[in-house]
Amino acid sequence: MPHTKILVLGYSVIADTPGLVELAQASSRDAPFELKKVGLGGVHLHQLKFLLGTILDQNPCDLVILEIGTPGYRWANGAQPQSYAGLLDKIVGLLRQRRQAFAFLDLPHRDFSTDEDVLYRTHAQVARKEGLPYRRVPLRPELLRDQVHATQDGFRYYAEELRAFVEEILGSDTIADQRARPAAADFVFPFDALPIPMVSAREDLRLEAFGRAGIQAEMAIVEPESPLQLRLPSGMDALGVSYIIGPSAGKFRILAPGREIVFLAYDQFAYYRRISMFLFDRINSPTLRIEQLPDQPEVTLRKGIADTGPRSGRIGHLLVERKINANA
Numbered sequence: 073m074p075h076t077k078i079l080v081l082g083y084s085v086i087a088d089t090p091g092l093v094e095l096a097q098a099s100s101r102d103a104p105f106e107l108k109k110v111g112l113g114g115v116h117l118h119q120l121k122f123l124l125g126t127i128l129d130q131n132p133c134d135l136v137i138l139e140i141g142t143p144g145y146r147w148a149n150g151a152q153p154q155s156y157a158g159l160l161d162k163i164v165g166l167l168r169q170r171r172q173a174f175a176f177l178d179l180p181h182r183d184f185s186t187d188e189d190v191l192y193r194t195h196a197q198v199a200r201k202e203g204l205p206y207r208r209v210p211l212r213p214e215l216l217r218d219q220v221h222a223t224q225d226g227f228r229y230y231a232e233e234l235r236a237f238v239e240e241i242l243g244s245d246t247i248a249d250q251r252a253r254p255a256a257a258d259f260v261f262p263f264d265a266l267p268i269p270m271v272s273a274r275e276d277l278r279l280e281a282f283g284r285a286g287i288q289a290e291m292a293i294v295e296p297e298s299p300l301q302l303r304l305p306s307g308m309d310a311l312g313v314s315y316i317i318g319p320s321a322g323k324f325r326i327l328a329p330g331r332e333i334v335f336l337a338y339d340q341f342a343y344y345r346r347i348s349m350f351l352f353d354r355i356n357s358p359t360l361r362i363e364q365l366p367d368q369p370e371v372t373l374r375k376g377i378a379d380t381g382p383r384s385g386r387i388g389h390l391l392v393e394r395k396i397n398a399n400a
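Under our numbering, think of the first position of the sequence shown as 73, with each following residue one higher.
Pasting the structure below:
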């Protein structure tokens, strides 16, 4: 019997390596399923939405388990809780459109342990409405090393919960039932992440493969003497970029007609490399320019010695929203 392929998609708790997914797989050697993971630390659903289609394309599977209840902030940019519910409805629409079976696994956060928390409550409501598997793992504070990340004993606890959840799902008909459900014929998922080579106005890009915690991307190398020149496809607005936080990173400047945006691709954890996303107010001009500024970051690393060499940044995707004709 072929193994059921399962993708566990989440944030920094999933990104910890080796972590709960690896432990669950190691304890399930003879089980009829194969676990993979994609973990994006430091992001929220309002960022993940852009990369979701790419992640699903890179990781074809029978079941996606969404672990999206652990961000340190519960919704972004002053949005109200209903904004999160509306975005989650779009995520559900995309998964339905792709005939992708999915489930929710909510891991605990020390600061958000009540049933009234906006994320946990919304996930449970959507699961009930859509007839989806849902499991919320109880908080055990002694198994956390900070507000949300687990100790080794905590990983073992989570791995047991994950394995039990998977076995419960595989003991039901939910995967087949979800695949058989019709998708809305007129549904269009508006968010996407366009690889930089697809939108570059130049052919002489220098690219570098990047991979961490299951996410794979071709990153364009951006240095002070080699900016990116991008063309925005018609019918789309630019809303952000994906990039690498790391030792050689610094400040980027984004230029469009009438716009100048500067952001720092560096933080106290930049002693290692990880992918992140920066969002900005929508740009609808046909061209954009992204520059790597030469400035050294004025940030103290949590550990290690800072790289004080020339700044060399990495940009992976242009994050876009398709314009949908309301009269269509």
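Ideal Cβ placement from N, Cα and C applies to all residues, glycine included.
- The three-state reading of DSSP puts R361 in strand, counting E and B together.
- A292 carries a strand assignment under DSSP once its states are collapsed to helix, strand and coil.
- Apart from sequence neighbours up to five positions away, the residues of its chain that approach P262 with a beta-carbon distance below 7 Å are E393, R394 and I396, ordered along the chain.
- Proximity to E295 across A321, M270, P205 and A310 peaks at A321, based on C-alpha coordinates.
- The C-beta of M270 has fewer than 16 other C-beta atoms within 10 Å across all chains shown, which makes the residue exposed.
- Between the alpha carbons of K77 and P366 lies a distance of about 45 Å.
- If you draw a straight line from the Cα of L211 to the Cα of R200, it is about 22 Å long.
- Per DSSP, the continuous beta strand (DSSP E) segment holding A281 begins and ends at L279 to R284.
- The beta-carbon separation of L277 and A265, rounded to 17 Å, does not stay under the 8 Å limit for a contact.
- Between the region 120-138 and the region 221-233, the count of Cβ pairs shorter than 8 Å is below three; the stretches do not touch.
- Per the Cβ contact rule, the region 315-331 is not in contact with the region 246-262 (fewer than 3 Cβ pairs under 8 Å).
- With respect to the 8 Å criterion, G388 and Y315 are classified as neighbours on the basis of their beta carbons.
- Between V209 and the set L92, K108 and A378, the nearest pair of CA atoms involves L92.
- For D129, no beta strand (DSSP E) run applies; the uninterrupted alpha helix (DSSP H) run containing it begins and ends at L117 to Q130, by DSSP.
- Going by beta carbons, L120 and L112 fall inside the 8 Å limit.
- For the pair A281 and I347, the Cα-to-Cα distance works out to about 12 Å.
- When C-beta atoms of the region 159-175 are compared with those of the region 248-258, three or more pairs fall below 8 Å, so the two segments count as touching.
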